[in-house]
Structures are given as structure tokens and as C-alpha cells.
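Q: Below: one structure in C-alpha cells.
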Amino acid sequence: MTVIPDRWRARSAIDLVREAGDGADLPPCDSRFHYVPPWRSEALETLAEKVVPAVAGIAARYAAAGRPDDLITADETATLVGACAYVRLRGDGDGCTLAFGGLPSELTGHAQHDRMTVRAALECVGWFDANQRLLTATGITPGRPGGTAAADGALYGPELARRYDPARQVTEQFNDVLRGFAKEFLGMRRVLELGTGTGRVARNIAPFAGSYVGIEASRAMIDAGRRDGLDVRQGDMMAMPFETGSVDVVVEHESVDFCTEPLLAATEIERVLALGGQFYRIELETVPAAGITRLQDEITARLAKLSGGVFPYWTKGQRRRLHSRLTGRGFAHRRIRLARWHETRTLRNWLQGLVNASYPSFSGVDEETASSTCVELARAASMGDLDTKWPGEAGVVVHQYEAVEWCCAAHRPRPTT
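For the sequence shown, the positions run 490 to 906 when the numbering used here is used.
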């Protein structure tokens, strides 16, 4: 077994969760969604003490000696599938049947076999390790079959990244609001964006910053963002590759929703910000017509039924935990409504990710099935085709968190380098 402590980490997720206390339970799964709960200290301890060693043992057995097309045992296959589901769902399930077993799309094919190949097993180990090492502060070092890339570990792989922009179309009004925000709040300061994605926020704010750098976990998303000449680096918001106090402003838009442990992200935000710096969390609020909201519910329920289980839903509780951590550390919070406007969109645009299944929750739904389901149910509801235009409202809200001076050096976040 090869388990290597990440000694550069100042604190692990287990430390932070113990300090913050286990949060309240989220709603149980319904006919559509399993609301993935926050990590609890007990679940993290199980991950570190039982799950990681078992996976590391499999990696040690096959990394050096196994041939890529050899088969591992059925028990080892079950161990790897269970480990990947455990780390993605943040612990044991609540008994509901999950679509795709809760696994990312790139691993679902492996889970369909009673016995994986060595190549598939090491891909699972790599993905598992990329997602657990910041939680437990230990890392597994599996070898890789020749010619294969290192595991990405991000929720957005190449296929989801390809679908992202068509499903996240924004109007020029949204872009104008972002540019106005950048002019008013960013000045010529050092700006870091978390979860840059394909760059839809960065393209609007980077020109007004003194310096701009983005951090993104998904290689596929980075490739898309760099096509616009953006400075985007691969990394995780839970362990940023930047020096303490090195930026004046941190910006985030809908990326903390998919962060494995927001308490780690909050700690890193506090660390990299200079004294007096600000963290801005940007929210795009959309309010479609009531009929569209009902249609969204119907589509989601149908896709869940077609997939044989409910979807693991990632976005509940993350923002609340981030907010609690930062305000608990003394950050001053202010909610700022930048703009609100009436907006007419096509039904396709209001439905967004449901049409082409671009949300991680729907990663196992093929594009044709998602699109045809939307078309069928829209017609059944007498709402026309996906190009029919419907009114609604949209707005942009910014949550500002300002770092105040610490009372003494002992309370300044410790460097992680």
C-alpha cells in the first residue's frame, strides 16, 4: 500500500469539519433528486481509515505488475466502484437508487462489468485519488498504463465541457452588468477567479483588472477558456497554488456549488486574500414563467425514470457552508443587487442544461434522449417547440465578503507552502 501524506496541507477537511460541527441534514431524495449532504466528520474518518487504504492496496497490486487488459477480481471491482461513489456522494447513501450509481460519466462504463480490466481499475484509482486527497491529506500514487493521461477528477469532463456553453447561454445584458461590476469593484487590482470554466465571466472582467488569473479543475474547461487568451491554471479551489496574501480580489460564479468541501475553499480564500481584500460571489438569478418551472420538474422526473434512478444533486448546502465559515472568521458580508430586468428567451434557453444534459447530475443521460424528452413534454404541455419565446426575469446579485484586519499574527491563516 502506498499512501503518502500531503505535508504541504496545513489543515485537512476532517479538521475543519470537526471545528465547524456537522451541519443539518438536507432533504431526503425524492422522485428526482438525491440531495448530496455535506461531509460529516465520521464519514471523512471512514474515508481516511478504511476506504483509502483499500483502494491503495489495489493500486499497489496492479500498478507495477498488472497488464492493462488483465481482469481484476469481482471483489476488487466492487471495492473501487464503492469507493468512487463514496467520495462523490460524500459518504454512505440513504437507500435510494441513484442513476448511474452516482458515478461520473467516464467511470459508469467500468461499473457495468463484474470485473474491470487493470487499465479501467487504475483509471478509477486515479479519479478517486484526485477527489479524496485534499479531504484526507493523503495521496495514492498509482501507475498508469502506457499512453493514458492522468486522471482529471473534475465533475466536468470533455463531454460535459463540450455541452457547457450551449446550455449556459447568457444575454448581452448579463455581460454588460458584469463589465459594469468589474469597472466599479475591481479597479486595477490583482484578481483571482475560482472555477473559470469556459470563461464566460472572465471575458467580461479580466480587461478591467490590474492582473487576472483563473483556476479551474477541469482540463477540458481550461482548454476552452484559453482559446480566448485567458490566463487559466489547473488547480483546485481547496488547495490553491498561490502565495498567502497574493491577491486583492477573489471572484466566483456558480463553481463553489460543485466544490467537494466548501470549508476548505473558504480557508483558501482567506489565505490568498491580502488584508482588506474582497471575495465576490456572483449569482445569476432567473425567474421564468410558472409554466416553464412546472415543465422543468416534469422533464427532470422523466429523465430520472428513464435512467432507472434519481440524480445525485450537488448544489445544496455549499453556499451556506461557505458563508458560515467566512462570516465566522470575521469577514464582513454585504448583499448587493447589481441589476434586474425583464428578459425574453427561447424555451430551449430557459430549460438550459436539461435540453442537452450538461449538468453533472445528468452526466449519464445521452444528448438525444435529453433533447427528445424536452421536446415531447413541451408539446404535451402546449408550450410549443424549443424555439418558442417565453418571458421572464433575470438579475445579478453579488455577495461581498471583506477581509478585515486580524487582531494578531496568530489569527492570520497559515501558509500551505
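Ideal placement from N, C-alpha and C gives every residue a C-beta, glycine not left out.
What do you get for Ser520, buried or exposed, if any count of 16 or more other CB atoms within 10 angstroms of its CB means buried?
A: Exposed, since its Cβ has fewer than 16 Cβ neighbours within 10 Å.
Q: DSSP state of Asp504, grouped into three classes?
A: Three-state result, Asp504: helix.
Q: CB-CB under 6 Å to Ala695, same chain, minus the five flanking residues each way: which ones, in chain order?
A: So the qualifying residues of the chain are Tyr701.
Q: Alpha carbon to alpha carbon, what distance is there between Leu784 and Ala828?
A: Roughly 27 Å separates the two Cα atoms.
Q: Do you know how far the Cα of Leu533 is from the Cα of Ile503?
A: Those two C-alpha atoms are separated by around 6 Å.
Q: How would you write the range of the alpha helix (DSSP H) that Tyr575 sits in, first residue to last?
A: Looking at the DSSP string, the run of the alpha helix (DSSP H) that includes Tyr575 is 563-578.
Q: Would you kindly work out how many angstroms separate the C-alpha atoms of Val607 and Leu536, rounded to a whole number?
A: Taking the straight line from one Cα to the other gives about 23 Å.
Q: Ends of the alpha helix (DSSP H) at Gln601?
A: First-last for Gln601: undefined, no H or E at that position.
Q: Could you say which of Ala610, Arg550, Pro527 lies nearest to Thr566 if we only look at CA atoms?
A: Nearest of Ala610, Arg550, Pro527 to Thr566, Cα basis: Ala610.
Q: Between Cys573, Asp618, Ala619, which has its C-alpha nearest His599's C-alpha?
A: Nearest of Cys573, Asp618, Ala619 to His599, Cα basis: Cys573.
Q: Enumerate in chain order the residues of its own chain whose CB-to-CB distance from Trp528 is below 6 Å, with the five nearest sequence positions on each side excluded.
A: Within the same chain, Trp528 has close Cβ partners Val506, Arg579, Glu750.
Q: Can you find the residues in the same chain that come closer than 8 Å, C-beta to C-beta, to Phe851, ignoring five residues on each side of it along the sequence?
A: Taken in chain order, the residues that qualify are Leu792, Phe800, Gly842, Leu843, Ala859.
Q: Roughly how many angstroms separate the alpha carbons of Trp497 and Arg837, rounded to a whole number?
A: Because the pLDDT at Trp497 is just 37, under 50, the model does not fix this residue reliably, and the value given afterwards should be weighed accordingly. Each residue's alpha carbon lies about 46 Å from the other.
Q: Just checking Arg760 against the ligand MG - is the residue's beta carbon closer than 7 Å to any of the ligand's heavy atoms?
A: For the ligand MG, the structure offers nothing, since it holds no ligand at all.
Q: Determine the extent of the alpha helix (DSSP H) in which Leu587 is found, giving its start and end residues.
A: Neither: Leu587 is in no alpha helix (DSSP H) and is coded neither H nor E.
Q: Near Ala909, what residues of its chain come up, given a Cβ to Cβ distance below 7 Å and the 5 sequence neighbours on each side ignored?
A: Past the edges of the chain, shown from 490 to 906, lies residue 909, and the structure says nothing about it.
Q: Return yes when the Cβ of Trp839 is within less than 8 Å of the Cβ of Trp879, no when it is not.
A: Yes.
Q: Quick one, are the C-beta atoms of Glu710 and Glu757 less than 8 Å apart?
A: Going by the sequence as given, residue 710 is Met instead of Glu. Contact flag unset, no.
Q: Mark Glu531 as exposed unless 16 or more other C-beta atoms lie within 10 angstroms of its C-beta, in which case mark it buried.
A: Glu531 should be labelled exposed.
Q: Considering only DSSP beta bridges, list what Leu681 is partnered with.
A: BP columns for Leu681 point to Val702, Val739.
Q: Taking the beta strand (DSSP E) that Glu882 belongs to, which residues open and close that run?
A: Its beta strand (DSSP E) spans residues 878-891.
Q: Give the secondary structure of Tyr769 by DSSP, where H, G and I count as helix, E and B as strand, and everything else as coil.
A: Here Tyr769 sits in strand by DSSP.
Q: Cα separation between Arg824 and Val740?
A: Roughly 14 Å between the two C-alpha positions.
Q: For Trp830, report the span of its beta strand (DSSP E) as first-last.
A: Here the beta strand (DSSP E) through Trp830 covers 821-835.
Q: List the residues that DSSP assigns as beta-bridge partners of Val799.
A: According to DSSP, which records beta bridges pairwise, Val799 is partnered with Leu587.
Q: Do Ile704 and Thr687 have their beta-carbon atoms positioned less than 8 Å apart in this structure?
A: No.
Q: Judging by CA-CA distance, which residue of Gly642, Leu587, Arg692, Thr625 is the nearest neighbour of Cys613?
A: Ranking the options by Cα distance to Cys613, first place goes to Gly642.
Q: Would you call Val576 buried or exposed, if buried means 16 or more other Cβ atoms sit within 10 Å of its Cβ?
A: Classification of Val576: buried, given that the 10 Å Cβ count is 16 or more.
Q: Report the residue from Gly884, Arg550, Pro593, Ala754 whose alpha carbon sits nearest the alpha carbon of Glu682.
A: Here the closest residue by C-alpha is Ala754.
Q: Quick one: residues in its chain with C-beta nearer than 8 Å to the C-beta of Phe820, no 5 flanking neighbours on either side, listed in chain order?
A: These residues qualify, in order along the chain: Glu759, Phe768, Tyr890, Glu891, Ala892, Val893.
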